[in-house]
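Here the structure is laid out as structure tokens; the discussion comes afterwards.
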Amino acid sequence: MQTYFSQTNLKTNSWAIRMVESVLQSYPISAAYWHYEHGLVVKAIRTAGFLFQEERYIDFAKQWVDHFIQADGSISTYRTDEYNLDQINSGKLLFHAYQQTREERYLIALNTLHQQLQKQPRTFSNGYWHKKIYPNQMWLDGIYMAGPFQVEYGYTFNQPEVCQDSIDQIILLEQHVRESNTGLLYHAWDESREQPWSDPNNGCSPHFWGRAMGWFEMALIDILDILALEHPDRSKLIQILQRLSNALLNYQHRPTGMWYQIVNMGEQQGNYLESSITAMLVYSFTRGVRKGYLPPEFLTAARRAYRGILENRITMDSQGFLTLEGTCGTAGLGGIPYRNGSFEYYVQEKIIPNDFKGVGPFILAALEMDIANGNHEAERNL
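Just so we're aligned, residue -8 is where the sequence shown starts under the numbering used here, counting upward by one.
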């Protein structure tokens, strides 16, 4: 079995590379799942490979993809009939594989995921259900899971209507979940108002969960990177990004630079400074400034948040392997047992060390900081 880990790279001054090596030494491809958080981490590892011209990382990502994509183009463990937006995220890795090899199996897999989105159940307002088991519900998470894939698919295969569908999802959801006083976004929206967690007046879930807004921010950044400069809705997406970023900036914890699990409830008993939302915003703010979507003061905020993670949430063992502490393992709404969206629910979910939903964004955030600090060996084309 091929080994992708390198002990030497643990001595680098790049926290991104240190974390990548820490993942590789404990994550054999045989343990992989076609799951959104695995795809998130592998895409982050591949991005590190592009930036630092480290072929091991790029090869690891290719082998990971090949672990799932069969000779006939089917995707191992994936099921279309679940209509689960989370299952789209790993498909973002397929574009590069197809562009580099032109193997038909990758094209078939891309088309399979695209066809899921074409047939995805929709709300009355034409928004995607988050999953088949969550009828009439749009979640912020789903914008990240499916949006960038859909936009890239539209541009890759010259299907502008596919790209527009993704943009319409963003605009629709933001209109319904944005709270006018704070500018923050509720986790989810039930257009039918049937779920016990939904507000009977607006259909929204009760709280501003940090990671949900982090997913949404990262989706906007990644979509803007793909979207044509002349697209008529580009300015709308930038305005949405700026609105949310400004709102979140108001709730940054001054002593540490981090953000709370429930963003607007500060030091209420049980609330805690959460790693994944903080890493997601470091990535989004830093890249947003670099790409011109956000003004320079957001880089200052990102540096403060990044320092907060390094000082409060990163530990290193005697061999140099990193652990990212303080990531919420999971949070959702409805289901069995029923998740009611209360403050108590969100803060009582398990906190998991090295959870991929924190590790992936941390790698991406650290790579953006490497670029901001001039600490890289590749062209600044990411």
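Beta carbons are placed, not taken as given, at the ideal position from N, Cα and C, and that holds for glycine. Small disclaimer: the values here were computed from a predicted structure and weren't measured.
**OP:** Return the CA-CA distance between Gln16 and Phe51, expressed in angstroms with no decimal places.
**Re:** In this structure, the straight-line span from the alpha carbon of Gln16 to that of Phe51 is close to 12 Å.
Original post:
Met10 and Ile354 look like a contact to me (Cβ under 8 Å); what is the Cβ gap, rounded to whole Å?
Top reply: Contact flag correct, Cβ pair sits at about 5 Å.
Subject >> Exposure of Gln91, with buried meaning 16 or more beta-carbon neighbours within 10 Å >> reply: Per the 10 Å Cβ criterion, exposed.
**OP:** Might you give, ordered along the chain, the residues of its own chain that have their beta carbon closer than 6 Å to the beta carbon of Met204, omitting 5 neighbours on each side?
**Re:** Here the set comprises Leu176.
Original post:
By Cβ distance, which residues of its chain are closer than 8 Å to Val254, with the 5 residues on each side in sequence left out?
Top reply: For Val254, the CB contacts under 8 Å within the same chain, skipping 5 residues up- and downstream, are Leu175, Phe199, Trp200, Gly201, Met204, Leu239, Tyr242 and Ile268 in chain order.
Subject >> Residue range of the alpha helix (DSSP H) that includes Ala62 >> reply: If you look at Ala62, you'll find it isn't in any alpha helix (DSSP H); DSSP assigns it neither H nor E.
Original post:
Of all the options Phe86, Ala39 and Ala23, which has the alpha carbon lying nearest to the alpha carbon of Tyr69?
Top reply: It is Ala23.
Subject >> Cβ neighbour criterion (16 or more within 10 Å) applied to Ala62 >> reply: It is exposed - the Cβ of Ala62 has fewer than 16 other Cβ atoms within 10 Å.
Subject >> For Ala179, the residue or residues it bridges with in DSSP >> reply: Beta-bridge analysis with DSSP links Ala179 to Trp130.
**OP:** Tell me whether the beta-carbon of Ile231 lies closer than 8 Å to the beta-carbon of Tyr146.
**Re:** Taking 8 Å as the Cβ cut-off, Ile231 and Tyr146 do not qualify as a contacting pair.
Subject >> Sequence ranges, alpha helix (DSSP H) only - wholly within the region 15 to 63, length at least 4 >> reply: At a cut-off of 4 residues, the continuous stretches assigned as alpha helix (DSSP H) that sit fully inside the region 15 to 63 are 27 to 43 and 46 to 59.
Subject >> Alpha-carbon spacing of Ile124 relative to Leu101, whole angstroms >> reply: Taking the straight line from one Cα to the other gives about 23 Å.
Original post:
Taking Cβ positions, are Gly118 and Gln186 nearer each other than 8 Å?
Top reply: Taking 8 Å as the Cβ cut-off, Gly118 and Gln186 do not qualify as a contacting pair.
Original post:
Where does the unbroken alpha helix (DSSP H) through Ile374 begin, and where does it stop?
Top reply: With the chain covering -8 to 373 only, the question about residue 374 has no answer from this structure.
**OP:** Please name the residue in Arg245, Tyr27, Thr103 and Glu335 whose C-alpha comes closest to that of Leu324.
**Re:** Looking at the Cα atoms, Glu335 is the closest of the given residues.
Subject >> Within 8 Å, strictly: CB atoms of Thr114 and Glu45 >> reply: Glu45 is positioned such that its CB atom lies no closer than 8 Å to that of Thr114.
Subject >> Rounded straight-line distance, which links the Cα of Tyr274 to that of Tyr284 >> reply: One Cα belongs to Tyr284, the other to Tyr274, and the distance between them is close to 13 Å.
**OP:** Note down, in chain order, each residue of its chain lying with its Cβ closer than 7 Å to the Cβ of Val33, except the 5 sequence neighbours on either side.
**Re:** Once the five neighbours on either side are set aside, the close Cβ partners of Val33 are Ala52, Trp55 and Leu84.
Subject >> Distance between Trp188 and Pro328 (C-alpha atoms, nearest Å) >> reply: Taking the straight line from one Cα to the other gives about 13 Å.
Subject >> Backbone CA spacing between Glu370 and Arg37 [nearest angstrom] >> reply: Here the model assigns Glu370 a pLDDT of 48, short of 50, so the residue's position is not dependable and the matter cannot be decided.
**OP:** For the region 272 to 355, list the beta strand (DSSP E) runs that are entirely contained and at least 3 residues long, ordered along the chain.
**Re:** Segments of the beta strand (DSSP E) lying fully in the region 272 to 355: 305 to 307 and 313 to 315.
Original post:
Alpha carbon to alpha carbon, what distance is there between Val142 and Gln155?
Top reply: Each residue's alpha carbon lies about 8 Å from the other.
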